[in-house]
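Protein chains: 2
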Amino acid sequence: MTGMPTVLDVARVAGVSRQTVSNVINAPELVREETRQRVKTAIAALGYQPHASARRLRTRQSSTIGVRLDQARDGISGNLLDRFLHAMTLQADARGRRVLLFAASDAHDEVEHIRRLSDGADADTFVLTSTEHGDARVAWMLENHVPFVTFGRPWGAEDMTTHAWVDVDGRAGTAAATDHFLDQGLQRIGLLGWPQPSGTGDDRRRGWEEALAARGIALDPALTAESPDDVGTAESVVAEWWRSGADVEALVCVSDSLALGASMAMQRAGRSVPVVGFDNTPVARALGISSVEQRTDLVAASVLDLLLAPGAAGSRQRLITPELVVREPR
Amino acid sequence: MTGMPTVLDVARVAGVSRQTVSNVINAPELVREETRQRVKTAIAALGYQPHASARRLRTRQSSTIGVRLDQARDGISGNLLDRFLHAMTLQADARGRRVLLFAASDAHDEVEHIRRLSDGADADTFVLTSTEHGDARVAWMLENHVPFVTFGRPWGAEDMTTHAWVDVDGRAGTAAATDHFLDQGLQRIGLLGWPQPSGTGDDRRRGWEEALAARGIALDPALTAESPDDVGTAESVVAEWWRSGADVEALVCVSDSLALGASMAMQRAGRSVPVVGFDNTPVARALGISSVEQRTDLVAASVLDLLLAPGAAGSRQRLITPELVVREPR
DNA sequence: TTGAAAGCGCTAACAC
DNA sequence: GTGTTAGCGCTTTCAA
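Quick mapping for you: the protein sequence lines, in order, are chains A and B.
For the first sequence, counting from 1, position 27 maps to 27 in our numbering; every step adds exactly one.
For the second sequence, counting from 1, position 88 maps to 418 in our numbering; every step adds exactly one.
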């Protein structure tokens, strides 16, 4: 026997046919207990490992999940996708699936990659991230019947159920942050958001609004400010806000970048109120900024659920509740 | 024709044999120009895509690079591996290779995964990260003749050439940072390092030492401080250093975490000197902290070079020179 | 419950 | 330069 052992080698050692070995691996209940043990012993003795490509050729299933690695994002929150990827890899493994990466420059390129991977049986399911309304990729996937799940809602679509998706409930996150402050007796809670319209940003803003409304607190426009997701700009915006006499006891921010900018502005202004960010990035951790954590492990679990149970009954859309991480500022 | 087209379908349409189609794809120079064009037209017309698993089964090559996704690192520099992974995916694609991820909890588990992936022909080459001297994984790979390259030197090994590796020249990075300050006429340049011994940390420290020595500046022990790679600790260390009257005009730090801690300590102390960090993380970018950038794209290119040219003549070890990114503090 | 035969789609080796 | 044959390792029939 040269090279790796095959089913035939195992069969010879165990004194059975090839097929029985295959059954032991794929349908153990068909094989008599005693025979099964004999085969298992032979497998262990030879260190037999099924040839993945041969199996895939035969079964016409690659058991592989294709994930596009986005263009490198430089932002502070850039690692969210990486965390998701990690969770996916870990859990996919536990479910007998593998994660294959591919890089693409734009939506068209991504579709082209997916077509190739799919046609070549390299991957049979896919995860799409950063989807938007009227996404050309989604249309293509549906049209070509390629199984997929998106991480992110189809913001703005009339019908949100045209495809399977998993997303984090941003609204619940900012609501939890706002409640946290309200529970401490704070009343004038500000919101630092992204410029509208923004699917994710507006959703998070809504959480703040609803939390206040739930306590019967009227919305005061003076309590909100807007900044693009950039630390420097956020810092200037908050500094200016402060200068113009913003009367705020606590601040909910829709991202850690904004929270960091706000923290720095306050530190410079010598006036400090508690801040909560969003994404629970390493920076927030390092600087002791409270933040809302997106549970990428739960997202990954749901994505796999939907991916591996294509015709599953019930909802094909999942909303994951994030978790407020409270920290003492340093 | 049901399902995807095969070589046979293409052959029929083009009026040639299967083998000729295969040749057009894999060894075009063997086929006459006119025939080749005819086959190519047929391929395009049918949207033919070779079945990856069938090809792999036949050629016994998976053309796939296995990369272990490390345990999620929470540190500020945690995204270095992610950046590397991105660069690898992008460039592997351009070279006809794919990147397959796997997760492992420890070195033993990683070897077990590699064995399975390797035996099952899922992946035929591997990249190992975070290697250390006497690494059990390296020993196993060598013993089992599994092709691999490590990202990281075998620190402390007598013989550095037992396996192929690519690493970033930390020494050159801190030297460049030190030179940058020296060129501005600054003399008393401090170093904030990690506790010794530390392969990477000591290497970076050496760059600072050598840059000073090259200008004939004697090393003053009062110019150095040490802290574990944690923003909070670094901040206390620097604060204490400042209190005890450290006389420093500029500070070279062996990581962005340390640089951030130092920046914060200085800001609080109301005394500020220019700082350079290491890794060029998003935080450094956001806060305007100068930093040394590890060119993960160059690392990936070298890793692929070594991986795909197993018996390559010349050095099987590559040192990548990092790049100083100078920023104006905000 | 086990065995024999067939074939997934591809390419290496050889014949023409 | 092109076609024919064989077989990679596996699993899905179907027969015993």
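Where a beta carbon is used, it is the ideal one built from N, C-alpha and C, also for glycine.
At a cut-off of 8 Å between C-beta atoms, Phe102 of chain A counts as an interface residue with respect to chain B. A direct Cα-to-Cα measurement between Gly345 of chain B and Ala357 of chain B gives close to 19 Å. Rounded to whole angstroms, the separation of the alpha carbons of Asp247 of chain A and Leu324 of chain A is 24 Å.
DSSP places Gly591 of chain B inside the alpha helix (DSSP H), whose first and last residues are 586 to 599.
Collapsing the DSSP output to three states places Gln624 of chain B in coil. Residue pairing by DSSP places Ile650 of chain B opposite B:Val498 in a beta bridge. One finds nothing in chain A with a Cβ atom closer than 9 Å to the Cβ of Gln526 of chain B; even the nearest lies about 23 Å away.
With fewer than 16 other Cβ atoms inside 10 Å of its own Cβ, Ala213 of chain A counts as exposed. Under the DSSP assignment, Gly523 of chain B falls in the beta strand (DSSP E) whose first and last residues are 519 to 523. Contact holds between the segment 166 to 186 of chain A and the segment 292 to 309 of chain A, because three or more Cβ pairs, one in each stretch, are under 8 Å apart.
Going by DSSP, Arg98 of chain A is part of the beta strand (DSSP E) stretching over 98 to 103. Beta-bridge partners assigned by DSSP to Phe456 of chain B: B:Gly396, B:Phe478. DSSP places Glu540 of chain B in the uninterrupted alpha helix (DSSP H) bounded by 529 to 544.
For Ala52 of chain A, a Cβ of chain B is located within less than 8 Å of the residue's own Cβ. Against chain B, the CB of Ala286 of chain A has a partner CB under 8 Å away; the residue lies at that interface.
Under the three-state reduction of DSSP, Val248 of chain A is assigned to coil, being neither helix nor strand.
What Leu306 of chain A touches in chain B, judged by beta-carbon distance under 8 Å, is nothing: the nearest beta carbon there is about 20 Å away.
For Ala555 of chain B, there is no enclosing alpha helix (DSSP H); the enclosing beta strand (DSSP E) covers residues 554 to 556.
Taking the Cα of Ile43 of chain A as reference, the smallest distance to any Cα among A:Arg268, A:Ser130, A:Ala164, A:Asn23 is reached at A:Asn23. In the DSSP annotation of this structure, the continuous segment of the alpha helix (DSSP H) that includes Gly232 of chain A starts and ends at 231 to 243. Excluding its 5 nearest sequence neighbours in each direction, Trp241 of chain A has C-beta neighbours in its own chain below 7 Å: Ala225, listed in chain order. Per the Cβ contact rule, the segment 143 to 159 of chain A is in contact with the segment 198 to 210 of chain A (3 or more Cβ pairs under 8 Å). Between Ser393 of chain B and Gly426 of chain B, the beta carbon gap of about 6 Å places them in contact (Cβ cut-off 8 Å). The beta-carbon separation of Val468 of chain B and His493 of chain B, rounded to 6 Å, stays under the 8 Å limit for a contact. Ser587, Leu590, Gly591, Met594, Gln597, Arg598: these are the residues of the segment 587 to 605 of chain B whose beta carbon lies less than 9 Å from some beta carbon of chain A, given in chain order. In this structure, the beta-carbon distance from Leu186 of chain A to Glu249 of chain A falls below 8 Å. Asp119, Gly120, Ala121, Asp122: these are the residues of the segment 118 to 131 of chain A whose beta carbon lies less than 8 Å from some beta carbon of chain B, given in chain order.
Not flagged as an interface residue toward chain B: Val21 of chain A, since no C-beta distance is shorter than 8 Å.
Across the set A:Ala136, A:Arg56, A:Thr161, A:Ala222, the C-alpha of A:Ala222 shows the shortest separation from the C-alpha of Ser244 of chain A. The beta carbons of Thr491 of chain B and Thr461 of chain B sit no closer together than 8 Å. For the options A:Gly193, A:Arg215, A:Pro147, the alpha carbon positioned closest to that of Asp179 of chain A is the one of A:Arg215.
Of the residues assessed, Ser263 of chain A falls on the buried side of the cut-off, its CB having 16 or more other CB atoms within 10 angstroms.
For Val276 of chain A, the uninterrupted beta strand (DSSP E) run begins and ends at 275 to 278, by DSSP. Secondary structure of Val13 of chain A (DSSP, three-state): helix.
DSSP places Ile355 of chain B in the uninterrupted alpha helix (DSSP H) bounded by 348 to 356. In this structure, the CA atom of Val254 of chain A is about 54 Å from the CA atom of Val340 of chain B.
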